[in-house]
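Reading through the structure tokens given below for one structure.
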Amino acid sequence: MAGQAGSAYPQHFHAPWNDGMKPDTVLLYNKTMGGVDNVDKAIKPNQSLRKSYKWYKKVAFYLVELSVYNSMIMYNTTQNDQVGFRRLNYEAFVKSIIHNILTKFPVARKPRGRPSQSRVSVPLANMHIPERVMKENGYPSKSDCFHCKTKLGKRTITQFKCLACEKRLCIGSSVFNCFKFYHDEMVSREHAVYLC
Numbered sequence: 200m201a202g203q204a205g206s207a208y209p210q211h212f213h214a215p216w217n218d219g220m221k222p223d224t225v226l227l228y229n230k231t232m233g234g235v236d237n238v239d240k241a242i243k244p245n246q247s248l249r250k251s252y253k254w255y256k257k258v259a260f261y262l263v264e265l266s267v268y269n270s271m272i273m274y275n276t277t278q279n280d281q282v283g284f285r286r287l288n289y290e291a292f293v294k295s296i297i298h299n300i301l302t303k304f305p306v307a308r309k310p311r312g313r314p315s316q317s318r319v320s321v322p323l324a325n326m327h328i329p330e331r332v333m334k335e336n337g338y339p340s341k342s343d344c345f346h347c348k349t350k351l352g353k354r355t356i357t358q359f360k361c362l363a364c365e366k367r368l369c370i371g372s373s374v375f376n377c378f379k380f381y382h383d384e385m386v387s388r389e390h391a392v393y394l395c
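Residue numbers (this note's numbering): 200 to 395.
Rendered as structure tokens:
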């Protein structure tokens, strides 16, 4: 390998994990390698964006990675005098950032599978709400309306019942709504009891 600085003959080098021969120019380059080369060496294996047609995405992600690398350098230099401090490499620093972000702002997981059939999540024990009664085969269960049968003396088939009263009551138009009539009468009876 020919170069302007140093000879092309291989030189012996010693590293804790590897001994061998390298050209003098490679040894000189490794010895005087600048900050840009170190940044590229650290960022390249952990790069977030590999391929993209949009040039501005590449630039934006590179600037984010560069700012993370600068943050790592600042963190390592400011924490260096702490007792028991261990310097972080780029990959460990990025993982610690991700871990801190996810612990501070946890991501709510969507429930898996089909959503539940019950639409109401609050307890409905004492609330007067109409509910459609279904059979086990999925078809609506039909029965006589309590209010029509007792007060009006006629037979009306309904699919609905009150959750609190457990009475079958029909829900018709605004003129003929036994559910409303029954509960209005019930409220007026309770109000009359309180007045006595």
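Glycine residues also receive a C-beta, built at the ideal position from the N, C-alpha and C atoms.
Measuring CA to CA, which of 386, 345, 219, 387 is closest to residue 377?
Among 386, 345, 219, 387, the Cα nearest to that of residue 377 belongs to 345.
Quick one, which of 263, 343, 289, 255 has its alpha-carbon nearest residue 245's?
Closest option to residue 245, Cα to Cα, is 289.
Who does residue 210 pair with in a DSSP beta bridge?
Residue 210 is bridged to 221.
From the DSSP output, in three-state form, read off residue 277 for me.
It is helical.
What residues in its chain sit with their C-beta under 8 Å from that of residue 299, if we drop five residues either side in the sequence?
Nothing meets the Cβ criterion.
Is the stretch 220–227 touching the stretch 247–254, taking contact as three or more C-beta pairs under 8 Å?
Segments in contact, no.
Within 10 angstroms of the Cβ of residue 241, are there 16 or more other Cβ atoms? Answer buried if so, exposed if not.
Buried, since its Cβ has 16 or more Cβ neighbours within 10 Å.
What's the C-alpha gap between residue 386 and residue 306?
If I take the Cα positions, the gap works out to 47 Å.
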